[in-house]
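Asker: So the sequence shown is numbered by this note's numbering: it starts at 305 and just counts up by one. Just so it is clear, CB atoms sit at the ideal spot from N, CA and C, and this is done for glycine as well.
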Amino acid sequence: MGLPKVLFNIAKDGMNRTGNNIQKVTGLIITGSGVASKVELGKSYQVFSLNEAVALGISEAENAFAYKHIKAFYDQAPTGTPLWVMLVSDATTMTAMLDKDGAFAPTLIADAKGAIRVLGVVKKATGSETIAAGLDTDVQTAVVKAQAIAEHFEKKYMPFRVVVSGNSWNGKVADLTNFSENELNKVACFIGNDDKEKEASVGLFLGKMSSIPVQRKIHRVKDGSVLPLVAYFTDGTTIDSKADQWDALDDKGYIFFRTFVGRSGYYFSGDNTLTKPTDDFKSLSSGLVMDKALLLAYGALVEELSDEVLLSEEGSIHPAIIKSWQTKLENTLQSEMVSKGELSAVNINIDPEQKVLQTGKVVVGLKLLPVGYADFIEVNIGFTTKKEEN
305 MGLPKVLFNI AKDGMNRTGN NIQKVTGLII TGSGVASKVE LGKSYQVFSL NEAVALGISE
365 AENAFAYKHI KAFYDQAPTG TPLWVMLVSD ATTMTAMLDK DGAFAPTLIA DAKGAIRVLG
425 VVKKATGSET IAAGLDTDVQ TAVVKAQAIA EHFEKKYMPF RVVVSGNSWN GKVADLTNFS
485 ENELNKVACF IGNDDKEKEA SVGLFLGKMS SIPVQRKIHR VKDGSVLPLV AYFTDGTTID
545 SKADQWDALD DKGYIFFRTF VGRSGYYFSG DNTLTKPTDD FKSLSSGLVM DKALLLAYGA
605 LVEELSDEVL LSEEGSIHPA IIKSWQTKLE NTLQSEMVSK GELSAVNINI DPEQKVLQTG
665 KVVVGLKLLP VGYADFIEVN IGFTTKKEEN
């Protein structure tokens with residue numbers, strides 16, 4: 305036994321830490337070229353800086369298009385931010401990139417082990433695109449594929465949202481598909497850039513998304529502008545030249561750049577998804593909040609799978625079981641989301657009268673109270689003859 309002594313057995317779980325580390329990791333599938341002994345087409349790579357991308361062969365000299373987007377990403381996100389990248393040939397469409405049965409997006413998502421929360425796709429325009437509904441026809445089919453692949457992976461507990469480059473806009477707002485009549489609530493279409501080219505600045509978009517918490521809107525004015533001097537649409541015209549049509553573009557569900565009177569620089573117009581205004585997931589931020597909550601709830605409950613559920617003498621679920629599950633879920637969501645301002649509150653309900661013996665199933669009711677947003681501020685202003693108390 306040795307000499308008498310005082311022993312300390314130090315507990316490791318008294319602070320109720322959840323062990324969850326759900327980051328808003330982004331992925332990018334983009335046109336590029338393979339480089340001997342370096343980057344290969346169709347292969348997944350994770351980088352943490354522009355220098356790492358350059359070392360792979362995604363340099364200004366060897367892969368100028370992809371380099372431009374990754375540089376823009378790290379202009380917004382700090383070095384050390386993870387980015388999953390896959391280069392594909394210039395013949396690969398965005399529709400093919402997003403095919404859930406294809407070899408591109410499914411491979412990137414799988415290689416990232418489901419960590420990607422926002423996936424961006426952009427194909428370098430060739431100048432010979434066929435235009436339909438105001439954009440490259442590839443865009444019209446890509447957004448449908450994007451919704452399908454996002455729904456597919458959500459069922460595997462790998463939820464993510466997709467940003468599709470709105471390539472080669474013809475400049476006519478009337479021609480554009482009114483996506484507010486669709487139900488593609490996991491997909492956004494971006495039609496803005498900083499270089500007058502035919503593709504959207506998807507790298508910049510992803511960089512901004514990576515640098516803000518899940519509940520934050522990408523167009524939050526307090527965060528400051530994302531471009532200092534000039535911004536364009538993918539038809540090559542300046543953002544300012546179509547200022548009278550911004551509302552119409554927003555109403556149709558597109559994301560672009562905009563300005564504010566009295567403030568310098570350009571901001572994102574919104575975080576619309578391609579769905580109806582009544583959809584709970586009309587914004588990317590709402591979807592990302594739900595995705596994080598889903599993963600946290602899954603992590604808290606998966607340990608209970610196939611475990612014994614004690615019943616009371618009346619055959620209902622024992623109160624101790626209900627309390628245990630509710631506490632576990634509430635502690636997880638409170639510490640990982642509510643305390644961080646990503647949710648306002650959570651409510652968990654488990655009906656004790658469920659027939660667990662007969663069904664082998666326990667239904668958990670989980671209600672999330674999101675944060676609100678001051679998207680519209682109305683001020684009643686006028687003169688008065690005297691100062692009045694509020």
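#1: Residues in its own chain within less than 6 Å of P532 by CB, not counting five upstream and five downstream?
#2: Looking at the structure shown, is N355 part of a helix, part of a strand, or coil, going by DSSP?
#3: In the DSSP assignment, find the unbroken alpha helix (DSSP H) run with V466 in it and report its ends.
#4: Am I right that L695 and L387 are in contact with their C-beta atoms under 8 Å? What's the rounded C-beta distance?
#5: Can you tell which of S639, A597, Q638, K644 has the C-alpha that lies nearest to the C-alpha of P463?
#6: Helix, strand or coil: how does DSSP classify G323 here?
#7: Report the CB separation of V426 from A359 in whole angstroms; it is logged as a contact under 8 Å.
#8: Does the separation of the CB atoms of K500 and Y558 fall below 8 Å?
#9: Reducing DSSP to helix, strand and coil, say where M513 ends up.
#10: So the candidates are H622, S616, L599, V650; which of them puts its Cα closest to the Cα of Q327?
#11: From this set, D554, Y571, T636, which residue's C-alpha is nearest P581's C-alpha?
#12: Assuming V642 contacts A649 under a Cβ cut-off of 8 Å, what Cβ separation, rounded to an integer in Å, is found between them?
#13: Between the region 429 to 441 and the region 472 to 486, can you find at least three pairs of beta-carbon atoms closer than 8 Å?
#14: Are any of the Cβ atoms in chain C nearer than 8 Å to that of I516?
#15: Excluding five sequence neighbours on each side, which residues of the same chain lie with their C-beta closer than 7 Å to the C-beta of F509?
#16: State yes or no: is the C-beta of S353 within less than 8 Å of the C-beta of T383?
#17: By DSSP's criteria, R562 is part of a beta bridge. Which residues make up the other side?
#18: Where does N489 land, buried or exposed, given buried means 16+ other C-beta within 10 angstroms?
#19: Go through its chain and collect everything with a Cβ distance to D415's Cβ below 7 Å, but skip five positions before and after it.
#20: Among T663, A454, S573, which has the Cα closest to the Cα of Q551?
#21: Can you grab the Cα-Cα spacing for the pair H456 / F369, in whole Å?
#22: Leaving out five residues before and five after R567 in sequence, what residues of the same chain have Cβ atoms less than 8 Å from its Cβ?
#23: Under a three-way DSSP split, which group does I374 fall into?
#24: Bridge partners for S424 per DSSP, in chain order?
#25: State the beta-bridge partners of A492 as determined by DSSP.
#26: Take the Cβ of K483 as the centre, count every other Cβ of all protein chains shown within 10 Å, and call the residue buried at 16 or more, exposed below.
#27: Specify the secondary structure class of T385 as computed by DSSP and reduced to three states.
#28: If you run the structure through DSSP and keep just helix, strand and coil, what is I435?
#29: Just the Cα atoms here: how many angstroms apart are T636 and W629?
#30: Compute the beta-carbon to beta-carbon distance between G470 and T396, rounded to the nearest angstrom, for a pair I have assumed lies under 8 Å.
#31: In chain order, what residues of the same chain lie with their CB nearer than 8 Å to the CB of A624, ignoring the 5 residues before and after it?
#32: What does DSSP give as the partner residues of N486 in its beta bridges?
#33: Any idea if G361 is buried or exposed, counting beta-carbon neighbours within 10 angstroms, 16 or more meaning buried?
#34: Between which two residues does the beta strand (DSSP E) holding I652 run?
#35: Can you tell me the Cα-Cα spacing of I420 and L592, whole angstroms?
#36: Using three-state DSSP, classify N635 as helix, strand or coil.
Answerer: According to the structure data:
#1: Taking the first residue of the sequence shown as position 1, residue 532 is located at position 228. Excluding sequence neighbours, P532 sits near G569.
#2: One-based indexing of the sequence shown puts residue 355 at position 51. DSSP places N355 in helix when its eight states are reduced to three.
#3: Start at 1 with the first residue of the sequence shown, and residue 466 comes out as number 162. Unbroken run through V466 is the beta strand (DSSP E), 465 to 469; no alpha helix (DSSP H).
#4: Residue coverage of the chain in this structure runs from 305 to 694, which leaves residue 695 outside it and unanswerable.
#5: For the purposes of this step, residue 463 is identified with residue 159 of the sequence shown, where counting begins at 1. It is A597.
#6: Taking the sequence shown and counting its residues from 1, one reaches residue 323 at position 19. Residue confidence is low: G323 scores 47 on pLDDT, short of 50, so the model does not pin down where it sits. Its coordinate-derived value is still stated next. Three-state DSSP puts G323 in coil, outside helix and strand.
#7: Mapped onto the sequence shown, residue 426 falls at position 122. Mapped onto the sequence shown, residue 359 falls at position 55. Between A359 and V426 the Cβ distance is about 22 Å, and since that is not below 8 Å, they are no contact.
#8: For the purposes of this step, residue 500 is taken as residue 196 along the sequence shown, with counting starting at 1. For the purposes of this step, residue 558 is taken as residue 254 along the sequence shown, with counting starting at 1. No, Cβ-Cβ distance for K500 and Y558 is not below 8 Å.
#9: Translated into positions along the sequence shown, residue 513 becomes position 209. In the structure shown, M513 sits in a helix (DSSP, three-state: H, G or I).
#10: In the sequence shown, residue 327 corresponds to position 23, counting from 1. Out of H622, S616, L599, V650, L599 has the C-alpha closest to the C-alpha of Q327.
#11: Residue 581 sits at position 277 when you count from the first residue of the sequence shown. Of the listed residues, the one whose Cα sits closest to P581 is D554.
#12: Working through the sequence shown from its first residue, we reach residue 642 at position 338. Working through the sequence shown from its first residue, we reach residue 649 at position 345. The pair is a contact, with the Cβ atoms about 6 Å apart (cut-off 8 Å).
#13: yes
#14: Considering every chain present, this structure includes no chain C. It has just one protein chain.
#15: Translated into the one-based positions of the sequence shown, residue 509 becomes position 205. Excluding positions up to five away in sequence, the list reads G424, V467, F494.
#16: Translated into the one-based positions of the sequence shown, residue 353 becomes position 49. Translated into the one-based positions of the sequence shown, residue 383 becomes position 79. Yes.
#17: Taking the first residue of the sequence shown as 1, we reach residue 562 at position 258. Answer is Y571.
#18: Numbered from 1 along the sequence shown, position 185 holds the residue referred to as residue 489. That one is buried.
#19: Your numbering for residue 415 matches position 111 in the sequence shown. Around D415: S348.
#20: The residue given as residue 551 occupies position 247 in the sequence shown. According to the sequence shown, residue 551 is Asp rather than Gln. Residue S573 is the option with its Cα nearest to D551.
#21: Sequence index remark: in the sequence shown, residue 456 carries index 152 (1-based). Sequence index remark: in the sequence shown, residue 369 carries index 65 (1-based). Computed Cα separation, rounded: 30 Å.
#22: Taking the first residue of the sequence shown as 1, we reach residue 567 at position 263. Within the same chain, R567 has close Cβ partners V525, S529.
#23: For the purposes of this step, residue 374 is taken as the residue at position 70 of the sequence shown. Helix.
#24: In the sequence shown, counting from the first residue as 1, residue 424 sits at position 120. Looking at the sequence provided, one finds Gly at residue 424 rather than Ser. L332, V467.
#25: The residue given as residue 492 occupies position 188 in the sequence shown. In DSSP, A492 forms a bridge with V467.
#26: In the sequence shown, residue 483 corresponds to position 179, counting from 1. In the sequence under discussion, the amino acid at residue 483 is Phe, which differs from the Lys named in the question. Classification for F483: buried.
#27: By one-based count along the sequence shown, residue 385 stands at place 81. In this structure, T385 counts as coil in the three-state DSSP scheme.
#28: The count along the sequence shown starts at 1 and reaches residue 435 at position 131. I435: strand per DSSP, three-state reduction.
#29: As a first step, residue 636 is located in the sequence shown; it is residue number 332 there, counting from the start. As a first step, residue 629 is located in the sequence shown; it is residue number 325 there, counting from the start. In a straight line, the C-alpha of T636 is about 11 Å away from that of W629.
#30: Counting from 1 along the sequence shown, the entry for residue 470 is found at position 166. Counting from 1 along the sequence shown, the entry for residue 396 is found at position 92. With 8 Å as the limit, G470 and T396 do not qualify as a contact, their Cβ atoms being about 18 Å apart.
#31: In the sequence shown, the residue the question calls residue 624 occupies position 320. So the qualifying residues of the chain are L614.
#32: Position 182 of the sequence shown holds residue 486. Looking at the DSSP assignment, N486 forms no beta bridge with any residue, so it has no partner.
#33: Here residue 361 refers to the residue found at position 57 of the sequence shown. Burial call: buried.
#34: On the sequence shown, position 348 is the one that residue 652 refers to. Unbroken beta strand (DSSP E) run through I652: 649 to 653.
#35: Counting from one through the sequence shown, the residue named residue 420 turns up at place 116. Counting from one through the sequence shown, the residue named residue 592 turns up at place 288. Each residue's alpha carbon lies about 11 Å from the other.
#36: Locating residue 635 in the sequence shown gives position 331, counting from the first residue. The answer is helix: DSSP assigns N635 an H, G or I state.
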